[in-house]
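The block underneath contains the structure these notes are about, expressed in structure tokens.
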Amino acid sequence: MVVPEPLSDLETLQARLAVAEQREEAVRMVLRALIASLRPFGFDKKRFKRCVFEEGQDTPDEGPASVRHTVLNQEARRVLREAR
């Protein structure tokens with residue numbers, strides 16, 4: 000039976016940094032979708048949802064970038080809840 004070696008402190012920090020960078024990128028994606036959805040007389044919810052959906056389609060399902068799915072969902076819900 001092969002037991003994997005525990006990650007060093009440096010590798011652990013690098014992995015955490017990669018996840019944090021992907022979370023930041025997801026928030027930026029939501030902000031871009033929000034800006035693209037603003038109109039002179041309000042907020043276009045359909046366009047916002049479509050933009051977020053398209054960003055989600057382009058996001059990988061594996062690796063550190065997969066955390067973007069969760070953040071996109073959470074932040075998009077927050078925007079839509081505040082837009083009522």
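Just so you know, numbering that gives the first Met the number 0 puts 54 at position 55 of the sequence shown, and the rest follows in order with no gaps. Idealized CB from N, CA, C, for every residue including glycine.
Test item: CB-CB of residue i and residue j under 8 Å
i, j, result
"Q21", "A64", "yes"
"V66", "V26", "no"
Segment limits, alpha helix (DSSP H) that includes residue i
i, result
"A75", "66 to 81"
CA-to-CA distance, residue j to residue i, given in whole angstroms
i, j, result
"R49", "E4", "43 Å"
"M28", "G62", "18 Å"
"G55", "V70", "10 Å"
"L33", "F47", "6 Å"
"V51", "V78", "11 Å"
"D43", "S36", "5 Å"
"A82", "T58", "25 Å"
"S7", "K45", "46 Å"
Cβ-heavy atom distance, residue i to the ligand COA, below 7 Å
i, result
"A75", "This structure lacks the ligand COA; in fact it carries no ligand of any kind."
>> Ignoring anything shorter than 4 residues, give me the alpha helix (DSSP H) runs that lie fully in the stretch 7 to 64, in order along the chain.
In response: 8 to 36, 44 to 56
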